[in-house]
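Residue numbers -16 to 138, in our numbering, belong to the letters of the sequence shown in order. Just below is one structure, and these are the notes that go with it.
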Amino acid sequence: MPNPRQRYPLLLLIACSSFFVLCAFLYVRPYIAAAVGPYRPVHDPYQHTTRYALADKYVGNDFFNHWMWESLDDPTHGRVNYIDKWTARRTNLSFASDTKFVMRADHTNRVAPNARGRDSIRIHSNKAYADSVTILDVEHMPEAARPGPPSGRSA
């Protein structure tokens, strides 16, 4: 009668061999696809690094020249009154120093119930970007209140 412990290493060897074959296939497959596929450039499929270079840097007053302020109705139908760049600067909702740029919503005036909404700023870039990484150095960004659990349930 064969000893069951003698078959276990053989089963382990088969499992390890299958794993090795699978790993080898997964490593070689992109090279084979690149070699046999028509009109495909041959390149290293495992080279995932992309080099980025600084395209634009907006600091301080320079920010005002590269963004467009929109004074339009809120596309999401909220209660907000988007104001233009000059109104934002005049009412101190947008200002800049040598190293900072500030945008904010009006927090001093009371909004009448029949008014369009609170004065705020909506901007978009004058320049479009395709593949990019955007880095912002934000000193303070308020966040909206999160809704609580429904109908008195505990979280």
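C-beta: ideal position from N, C-alpha, C; glycine also.
| Query | Result |
| --- | --- |
| Option in Arg87, Ala113, Ala98, Asp102 with minimal Cα separation from Glu139 | Residue 139 cannot be examined here, being either before or after the span of the chain that is shown, -16 to 138. |
| First through last residue of the alpha helix (DSSP H) which encompasses Arg72 | 68 to 73 |
| Cβ shell of Gly100 (< 8 Å), same chain only, five flanking positions each side left out | Asp57, Gly61, Arg62, Val63, Asn64, Val94 |
| The alpha helix (DSSP H) enclosing Asn64, as first and last residue numbers | First-last for Asn64: 63 to 65, but that is the beta strand (DSSP E), not the alpha helix (DSSP H). |
| Nearest-angstrom Cβ-Cβ length linking Trp146 and Ile118, presumed shorter than 8 Å | The structure shown does not extend to residue 146, since the chain is modelled only from -16 through 138, so no value can be given for it. |
| Where the beta strand (DSSP E) containing Asp57 begins and where it ends | Here Asp57 belongs to no beta strand (DSSP E), and DSSP marks it neither H nor E. |
| Residue burial classification, Leu37 (beta-carbon count within 10 angstroms, cutoff 16) | exposed |
| C-beta contact flag for Val85 and Tyr35 at 8 Å | no |
| 8 Å Cβ shell around Ser108 - same chain, five flanking residues per side excluded | His49, Trp50, Met51 |
| Reduced DSSP category for Asp81 - H, G, I as helix; E, B as strand; rest coil | coil |
| Terminal residues of the alpha helix (DSSP H) in which Asp45 lies | 45 to 48 |
| Inter-residue spacing [alpha-carbon to alpha-carbon] between Lys68 and Asp89 | 14 Å |
| Inter-residue Cα distance where the pair is Arg72 and Ala113 | 31 Å |
| Nonlocal neighbours in the same chain, by C-beta distance under 7 Å from Thr82, ignoring five residues either side | Val42, Gly43 |
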